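In the working numbering, the protein residues as written are 84 to 148.
Note sheet for the following structure.
Have a look at this one:
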């Protein structure tokens, strides 16, 4: 999957990285490489499963009292 990342120099130094197609997915780094590594992690977390959408595969069989 290819995702467009925008890198912008930060006024305080370093870079800000964000993904326009993923609202709120933003990160920063001291240099381009760090900013890209950080936004890659942010994208993975943004797109990854959460507890709310995990489905349990535990089934109970033959339980008797």
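Think of the CB as a built atom: it goes at the ideal place given N, C-alpha and C, for glycine as much as any other residue.
All figures in this text were calculated on a predicted structure; none of them were measured in a lab.
| said: If I measure Cβ to Cβ from residue 89 and keep anything under 6 Å in the same chain, skipping five residues before and after, which residues do I get? | reply: 101
| message | Tell me which residue opens and which closes the beta strand (DSSP E) that residue 90 is part of. | response | 89-92
| request: Check residue 104 in the structure and name its three-state DSSP category. | output: coil
| query | What number of angstroms, rounded off, separates the C-alpha of residue 132 from the C-alpha of residue 126? | reply | 12 Å
| message | Let's test the definition: count the other Cβ atoms within 10 Å of the Cβ of residue 111 and tell me whether it reaches 16, buried, or not, exposed. | response | buried
| request: Would you please state the rounded distance, in angstroms, between the beta carbons of residue 98 and residue 118? I believe it to be under 8 Å. | output: 4 Å
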